[in-house]
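Okay, so the sequence shown: first residue is 4 according to our numbering, each after it adds one. Note sheet for the following structure.
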Amino acid sequence: PPDVAVLGRSTWTLLHSIAATYPTTPSQQEQKELKTFMGLFSRLYPCWVCAEDFQGYMAKEQIRVGSRDEFGKWLCEAHNAVNVKVGKKTFDCARWEERWRTGWKD
Ligand code: FAD
């Protein structure tokens, strides 16, 4: 089975990269596709305890896919919930795009 940390790191890279390239004004179809993708992702993620908790998070915190910034912030908050759970520092979600799309300025 994949190493949980290696899998997690690469998965967050993929998910935040999807957020970074998601349209600023997505169509209804694009919004529907992202919701479907994330719902399936939460069921297929190959770390079962992780997947179970992430499904629980999605059930409580409804996914926001109305724009790039909305989804980017939602995903950042979801990642922060995992950070708290595993005892890591939380990330300032005002800076998610700087980290994952435009690059740090300092
Ligand atoms: P990661 O958390 O992998 O983060 C990678 C990089 O993203 C960081 O270096 C930082 O630059 C940036 N970053 C950090 N926080 C944020 C944020 N909030 N928003 C945007 N960018 C950020 N591990 C477990 O042990 N138990 C679990 O239950 C668990 N559940 C998981 C659920 C999911 C859906 C995923 C994708 C991963 C899960 N993991 C879990 C793995 C865990 O989140 C980490 O990926 C792993 O511990 C490696 O951590 P890391 O220090 O390399 O940084």
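Glycine is no exception: its CB is placed at the ideal position from the N, C-alpha and C atoms.
Nearest-angstrom beta carbon gap, Ala23 and Arg104 [assumed within contact, 8 Å]
Under the criterion of beta carbons closer than 8 Å, Arg104 and Ala23 qualify as touching, at roughly 4 Å.
Arg67 (DSSP reduced to helix, strand or coil):
coil
Among Val89, His82, Cys96, whose alpha-carbon lies nearest the alpha-carbon of Leu18?
His82
Here's the rule: buried if 16 or more other CB atoms are within 10 angstroms of the residue's CB, otherwise exposed. What is Phe40?
exposed
Measure from the alpha carbon of Trp15 to the alpha carbon of each residue in Gly106, Val85, Gly90, Asp72, then state which is nearest.
Val85
Within its chain, find whatever has a CB closer than 7 Å to the CB of Glu33; leave out the 5 residues flanking it on each side and keep chain order.
Pro26
Does the ligand FAD have even one heavy atom less than 6 Å from the beta-carbon of Trp15?
yes
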